[in-house]
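Residue numbers (our numbering), protein chains in the order written: chain U, 1 to 585; chain E, 1001 to 1189.
Right under this line is the structure:
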């Protein structure tokens, strides 16, 4: 079947048709859809795990049991799962196992732009990198066989542009792969020193075999043109941009397996061309390899390690080099400057009421990763820090340990329900165990929001939407050692303020669960939009201080957009003149 | 044939993903090589979003850069101006005149550029502006703005209307189909 699919759907089809029986992942842009597409198949086990480490170890367990398996994550998710990765390199696999990791050059939806290829090198596992959906399908499918043949987990590296770009893919049929027999193999799977010492040489031998494969495999290919004045070594979406600019008029070595890199292939290519360039997004991984071979090459000097490329990047760089480019686009004109439009919390977002309360009381807020990171932008400017998943809860503990009662009285951590499950729990244990009077607010909107509504252990539903065990957050926090646990409705500003001030004043650690489901959830029925009574509105702009996108200022009065407003009523609580109403039950 | 590039731009949540899927499906059915680049994640939360659709005999890059775009379809007035620099000489901008205040305007840090379309026209841009919100409401929902605009764009192509309708039937859920067919008609008029 030929179908127009995004890279992530292509990966899912490749893995499914390659006979996987299990997928376990934690959502993270731009990797999320791989698992969502796999979850549509009822003949395999699919799940959202609480974090990437759990996901990878689950996939490992399935492979150990003889079932082909996969886990998918964003680049920073691989940091969380790095621990099992490095030792799985030693154990190898029983059935094929693929780890999909999606980098985010230009940080469309991430906190850094780390390059996952370093993990492949450091953990000594092979990595494949497709350039479009069609390759993503083939590479994902072949990665499973590669994994079994070389007894290693295989990393499949995606990036935002490939993960979220569509092209036509010819999708074949599923190959049913029976479970392999489970045989106890202590020397292969028990990684204590005695056995691990025996496995490390196996890893080194495997790398040599993979290097031999890299010289002659379908993942790397040379495309020679008549013109050999320059030669370009490239990979991933950079390959597409090179072809967009030059068509088939330049000679290219396309790398589809960035680890291990070939040596002879590169030497032979370099020997056939004049000036050699490496064009790769993010870090100079291929470039450094080429240089280590003693070959002169131009890479990061011309093509930045920052952000993502485009055909324009390639065109501009080569024009600067004095090369002739066949077609240079001519723009109609330059775009006039217009105000920016940064992302923001939605109209009626339940996080807004809690953030307004914190800002009003000048509270220092140690933030975390999720939709609620958007509380950092104007006009709320509510956050003081955001680092990585779970760092709010651990961070506030260190912050308060450093400054004591001075900050304990006016600092909170904010973390979402899904992020708390991911890596907030251990930080909370630390607060209780090592005793700072820290206040943690769990912004519980009953879903994993930013990545597009995935279920998690607090929602009571699994990846299929079927009822599942539901974590009782209040009981959990108490069990972790916190005595003061209370729940507030963030739409009730008075209750929010009471809770925040009381818990900050308390002489022991506390948790406030700010609970209200995300307004984008299908089961949340919007109320009638609110209206501003222009006779009562004095134009004081108080209602605009919380940054609701539904409220604008027109002709000296507040105005509510009835296509956006969902009638949450928080703005009405801010108005001192009773000017906002119109949706009373 | 030369590659044709379309940019669908707007505000996160306005339905540009569905519009690009409609166009991608249609063009694939027509036998073109097609690449579509979507936006997911953070900018979907009310931020400025851009989706690229490129088609022709052989398309490499999924994205569109300065001076390469044949058609910009903008779901919002100000957003048309933001991406106008991508338009090639002789390209066309189709724009919904609806105004959605971005946060800097809401906070009072900036003013909404009311006359931005007039400025574009004065600068020589081919701007086809119309109100897509009213026909969308007439069809049944403000959310149908995307399909009204695609109906309007359909007239700029030489692909027969029936083919567009077939593609609509493929990408729209049955329970929303009637509303969207009406929205398409109203845009096409």
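The beta carbon of each residue, even a glycine, is placed where N, CA and C say it ideally should be.
Under the three-state reduction of DSSP, residue 132 (chain U) is assigned to coil, being neither helix nor strand.
With a contact defined as Cβ atoms closer than 8 Å, residue 393 (chain U) and residue 440 (chain U) qualify at about 6 Å. Taking CB atoms only, residue 1092 (chain E) has no neighbour in chain U less than 7 Å away. In chain order, 1103, 1104, 1107 and 1109 make up the part of chain E whose C-beta sits under 8 Å from the C-beta of residue 378 (chain U). Between the stretch 1133-1150 of chain E and the stretch 1179-1189 of chain E there are three or more C-beta pairs closer than 8 Å, enough to call the two in contact. Counting C-beta pairs closer than 8 Å gives three or more between the stretch 223-233 of chain U and the stretch 267-277 of chain U, which meets the contact rule. Around residue 1089 (chain E), the beta-carbon contacts reaching into chain U at under 9 Å are 329, 330, 331, 332 and 333. For residue 98 (chain U), the uninterrupted beta strand (DSSP E) segment begins and ends at 97-103. When C-alpha distances from residue 535 (chain U) are compared across U:577, U:199 and U:82, the shortest belongs to U:577. Contact check for residue 289 (chain U) and residue 50 (chain U): beta-carbon distance about 37 Å, past the 8 Å limit, so the pair fails to qualify. Contact with chain U is absent for residue 1016 (chain E), since none of that chain's Cβ atoms lies less than 7 Å from the residue's Cβ.
It is roughly 8 Å from the alpha-carbon of residue 150 (chain U) to the alpha-carbon of residue 210 (chain U). From the listed residues U:468, U:375 and U:207, the smallest Cα separation to residue 124 (chain U) is found for U:207. In the assembly as shown, residue 42 (chain U) is an exposed residue. Its beta-carbon has fewer than 16 other beta-carbons within 10 Å. Using a Cβ distance threshold of 7 Å, residue 156 (chain U) and residue 140 (chain U) count as a contacting pair. Contact between the stretch 159-172 of chain U and the stretch 102-112 of chain U is present: three or more C-beta pairs spanning the two stretches fall below 8 Å.
Within the stretch 1068-1081 of chain E, the residues whose Cβ lies closer than 7 Å to any Cβ of chain U are, in chain order, 1068, 1078 and 1081. Looking from the CA of residue 127 (chain U), the closest CA among U:113, U:476 and U:97 belongs to U:97. DSSP places residue 41 (chain U) in the coil class of the three-state scheme, outside both helix and strand. What residue 306 (chain U) touches in chain E, judged by beta-carbon distance under 8 Å, is nothing: the nearest beta carbon there is about 17 Å away. Exposure of residue 292 (chain U) is indicated by the presence of fewer than 16 other C-beta atoms within 10 angstroms of its C-beta. Between residue 357 (chain U) and residue 500 (chain U), the gap from beta carbon to beta carbon is short of 7 Å. Within the DSSP bridge table, the entry for residue 166 (chain U) names U:6 and E:1036 as partners. Contact annotation: the stretch 485-498 of chain U does not touch the stretch 310-330 of chain U, with fewer than three C-beta pairs closer than 8 Å. Looking at the DSSP output, residue 461 (chain U) sits in a beta bridge with U:467.
Sequence-distant partners of residue 1117 (chain E) (beyond 5 residues in either direction) whose C-beta falls short of 6 Å from its own C-beta, in its chain, are 1127 and 1129. Among the residues of the stretch 3-14 of chain U, those with a Cβ less than 8 Å away from any Cβ of chain E are 4 and 6, in the order of the chain. Going by DSSP, residue 1090 (chain E) is part of the beta strand (DSSP E) stretching over 1087-1096. In this structure, the beta-carbon distance from residue 1010 (chain E) to residue 1076 (chain E) falls below 7 Å. In this structure, DSSP gives residue 72 (chain U) an extended state, which the three-state scheme calls strand. Counting every other CB atom within 10 Å of its CB across the protein chains shown gives residue 179 (chain U) a total below 16, marking it as exposed.
Each residue's CA atom was taken as its position, placing residue 175 (chain U) and residue 44 (chain U) some 13 Å apart. The continuous alpha helix (DSSP H) containing residue 1028 (chain E) extends over residues 1016-1029. Following the DSSP letters along the chain, one finds residue 237 (chain U) inside the alpha helix (DSSP H) bounded by residues 236-246. What residue 1172 (chain E) touches in chain U, judged by beta-carbon distance under 7 Å, is nothing: the nearest beta carbon there is about 16 Å away. For residue 1123 (chain E), the three-state secondary structure derived from DSSP is coil.
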